[in-house]
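Undergrad: Just so we're aligned: the sequence shown equals residues 4 to 64 in our numbering.
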Amino acid sequence: MELGVAGSIAVKQISEAFVDSQINAWLEANPDTEIINIKFAANASEGNFITEALIIYRKED
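1. Would you mind working out which of A9, E63, G10 sits nearest E37, comparing C-alpha positions?
2. Taking only three categories from DSSP, how would you classify A20?
3. Between S24 and E55, is the Cβ-Cβ spacing less than 8 Å?
4. Would you kindly report the start and end of the unbroken beta strand (DSSP E) that includes K42?
5. Anyone know if the C-beta pair for I26 and I59 falls short of 8 Å?
Rendered as structure tokens:
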């Protein structure tokens, strides 16, 4: 099955208490990657706190 343009899109999910350093490290390790979008969410439940980031990027052929 051919995916067309969607076949060149990939994601990287990061889940930590604080994701900023992990996002920056990934971006530094992938400097030529075309970033399409970065989604961010924060959740708190019964004293636990987690943030999540989803980096949507274009894969190189």
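We put the CB at the ideal spot given by N, CA and C, even for glycine.
TA: Straight from the coordinates:
1. E63
2. coil
3. no
4. 37-48
5. no
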